[in-house]
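The numbering used here applies: residue 138 is where the sequence shown begins, and numbers increase by one. Glycine included, each C-beta is placed from N, C-alpha and C at the ideal position. Note that the coordinates shown come from a computational prediction; the quantities given were computed from them, not determined experimentally. Here's the structure we're looking at; comments come further down.
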Amino acid sequence: MNGSRFPAEHASKERSPHSLRLPMTPVGHALFAASLTFAVVPARWTMKTKAGLVAGAAFCANIPDLRIDYWGHHRYGISHSFVSTAVLGGVLVITAFLLLRRRFPPRPLLLVLGLLLAAWFSHILLDSTYNHGLGIKVWWPFGDGRLALPLPWFE
């Protein structure tokens with residue numbers, strides 16, 4: 138090993154002197170979630186509501202990296218899978234909808250819950266852009282297919 142958690146062939150790749158190596162960080166995921174929030178939330182909603190949604194979306198966008206046993210970066214296949222995100226996120230969205238449907242109108246509630254789920258899914262797509270060409274196991278546990286979206290500014 139080369140001292141990193143990636144195989145030597147990935148560490149030895151020559152990089153252009155102009156390339157910038159930027160890993161997606163919790164801050165990057167949170168900023169994307171905030172941008173997503175302001176893109177989909179109606180302008181007439183209060184700033185207090187928008188701030189709460191930004192916080193919720195930022196949290197959801199970082200769920201795959203939470204440091205929990207059998208989750209996070211040491212279990213990349215589980216936490217960064219479309220399948221586990223759809224199942225866990227779907228259960229949470231349905232549960233939240235059933236618990237909150239009497240307190241909030243259905244259309245705004247579904248918008249909020251959809252936004253939070255989209256923020257969670259965005260994590261997988263963003264992580265697939267910088268993962269050293271290894272790809273994210275998006276179909277775990279049903280397949281070993283990997284998603285790698287190498288973008289030049291993340292090389």
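Compare the C-alpha of residue 271 against each of 227, 213, 255, 219 and name the closest. Per the Cα distances, 213.
Can the beta-carbon of residue 200 be found less than 8 Å from the beta-carbon of residue 277? Between residue 200 and residue 277, the CB-CB gap reaches or exceeds 8 Å.
Under the three-state DSSP convention, the category residue 231 falls into: In this structure, residue 231 counts as helix in the three-state DSSP scheme.
In DSSP terms, what residue 284 is bridged to: Beta-bridge analysis with DSSP links residue 284 to 273.
If you pair each beta-carbon of the segment 220-234 with each one of the segment 165-183, do three or more pairs fall below 8 Å? No: fewer than three Cβ pairs fall under 8 Å.
Relative to the C-alpha of residue 195, which candidate in 221, 167, 287 has its C-alpha closest? Here the closest residue by C-alpha is 167.
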